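Asks: In this note's numbering, the protein residues as written are 334 to 530. One structure, pasted below without further comment.
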Amino acid sequence: MLEPTTTAPWPSPRQAPGSWVAASAVVVGDVELAPGASVWPTAVLRGDLASIRIGPNSNVQDGAILHGDPGAPVVIAAQVTIGHRAVIHGASVQEGALVGIGAIVLNGVTVGAGAMVAAGAVVTKDVPPGTLVAGVPAKPVRSLGKEVLEEQRRHADHYAQLARTHGTLASEGVFGHGLVTDCGQAAHSTPPEGPRL
334 MLEPTTTAPW PSPRQAPGSW VAASAVVVGD VELAPGASVW PTAVLRGDLA SIRIGPNSNV
394 QDGAILHGDP GAPVVIAAQV TIGHRAVIHG ASVQEGALVG IGAIVLNGVT VGAGAMVAAG
454 AVVTKDVPPG TLVAGVPAKP VRSLGKEVLE EQRRHADHYA QLARTHGTLA SEGVFGHGLV
514 TDCGQAAHST PPEGPRL
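Structure (structure tokens):
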């Protein structure tokens with residue numbers, strides 16, 4: 334039987350000013366968020382077995398799961414998009430890359446700078462920089478042009494701005510219950526008056 338403890342056996346999450354975590358997200362353990370990083374509703378970042386680092390202006394979208402194993406941390410560089418319901422397990426995603434909706438990136442993999450992982454892909458091998466991969470298992474499809482790489486960075490920057498807006502509205506109590514401010518504290522407000530169903 335486990336003895337009750339007052340402290341967890343891993344470091345607490347660290348959140349830089351200007352980063353944002355939605356109230357329904359779960360962020361546990363050795364997790365560090367850089368300025369402009371955002372973690373969206375129902376995402377899970379579990380840094381209990383290995384560290385998780387989220388770089389500046391990177392976003393972990395709704396329902397995504399990030400977790401590592403001993404010796405296999407999760408490293409997300411700057412201006413990265415991790416799509417809805419994607420899983421990053423013990424892997425690295427380099428600057429400006431995009432991991433599509435529902436994609437899975439497995440232990441030891443590096444997704445290169447500016448690469449794109451297609452929705453639903455399962456990545457078991459490193460992805461070269463600036464390359465689109467797709468399929469199960471994921472295979473290279475083509476090199477990405479400069480326009481696509483720039484669009485991926487714009488997308489990440491857009492999410493950073495959107496997160497700042499959410500954080501500001503939450504801190505002002507505009508959203509109602511349980512949203513988290515950029516300080517990591519729950520912002521609770523009185524429910525609006527109106528008919529009760």
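The beta carbon of each residue, even a glycine, is placed where N, CA and C say it ideally should be. Everything numeric in this text was worked out from a predicted model, so none of it was measured.
Would you mind working out which of 354, 465, 344 sits nearest residue 502, comparing C-alpha positions?
Replies: Sequence index remark: in the sequence shown, residue 502 carries index 169 (1-based). Of 354, 465, 344, the residue nearest in Cα terms is 354.
Asks: For a test of the three-state rule: what should DSSP assign to residue 417, helix, strand or coil?
Replies: For the purposes of this step, residue 417 is taken as residue 84 along the sequence shown, with counting starting at 1. It is coil, neither helix nor strand.
Asks: If you draw a straight line from the C-alpha of residue 388 to the C-alpha of residue 375, how long is it?
Replies: Start at 1 with the first residue of the sequence shown, and residue 388 comes out as number 55. Start at 1 with the first residue of the sequence shown, and residue 375 comes out as number 42. Their backbone Cα atoms lie some 20 angstroms apart in a straight line.
Asks: Compare the C-alpha of residue 427 against each of 412, 433, 473, 394 and name the closest.
Replies: Numbered from 1 along the sequence shown, position 94 holds the residue referred to as residue 427. Ranking the options by Cα distance to residue 427, first place goes to 412.
Asks: If you draw a straight line from the C-alpha of residue 445 to the C-alpha of residue 356, how long is it?
Replies: Indexing the sequence shown from 1 puts residue 445 at position 112. Indexing the sequence shown from 1 puts residue 356 at position 23. When rounded, the distance between both Cα atoms is 31 angstroms.
Asks: Leaving out five residues before and five after residue 346 in sequence, what residues of the same chain have Cβ atoms less than 6 angstroms from its Cβ?
Replies: Here residue 346 corresponds to residue number 13 of the sequence shown, with the count starting at 1. Here the set comprises 360, 364.
Asks: For residue 509, does the three-state DSSP call read helix, strand or coil?
Replies: Position 176 of the sequence shown holds residue 509. Interpretation of residue 509 is limited by its pLDDT of 44, a score under 50 that renders its predicted location unreliable; the figure taken from the coordinates is listed afterwards. Coil at residue 509, not helix or strand.
Asks: With DSSP as the reference, label residue 395 as helix, strand or coil.
Replies: Stepping through the sequence shown from its first residue, residue 395 is reached at position 62. Here residue 395 sits in coil by DSSP.
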